[in-house]
Amino acid sequence: MAQTDIHDKVFLEIERIYVRRKFQGQGFGTYLMENAIQIALQRKKRYIWLGVWEKNDKAL
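The working numbering puts the first residue of the sequence shown at 16, with every later residue one more than the last.
Below, the structure written as C-alpha cells:
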C-alpha cells in the first residue's frame, strides 16, 4: 500500500516509532502507542495514522 499525505482534522499522525532492538519485546512500543491513543482521545481525534516500513513485519 502506498503512503499518502492526509490532511484531515479528525486524525493524529505518528510518522515513526523506533524502539532499539535491545528494548524490543519489553512493552515500550505498546506503552508509546497507548499514550498516543490517549492523546488522540484528548484531542477528539477519530483515527491514528502510523507510518511503518513495509518490511517491518513486527509493526504490520
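Even glycine gets a Cβ: it sits at the ideal position worked out from N, Cα and C.
Cβ neighbours of residue i in the same chain (closer than 6 Å, five flanking residues each side left out)
i	result
Arg61	Val25
Asp72	none
Trp64	Phe26, Glu28
Three-state secondary structure assigned by DSSP to residue i
i	result
Ile32	coil
Contact set for residue i: own chain, Cβ-Cβ below 7 Å, skip 5 residues either direction
i	result
Ala17	Because Ala17 sits at a pLDDT of 48, beneath the cut-off of 50, its placement in the model cannot be relied upon, and the point is left open.
Gly44	Ile32, Val34
State whether the stretch 33-42 contacts the stretch 52-67, with contact taken as three or more CB pairs (one from each stretch) at a distance under 8 Å. no
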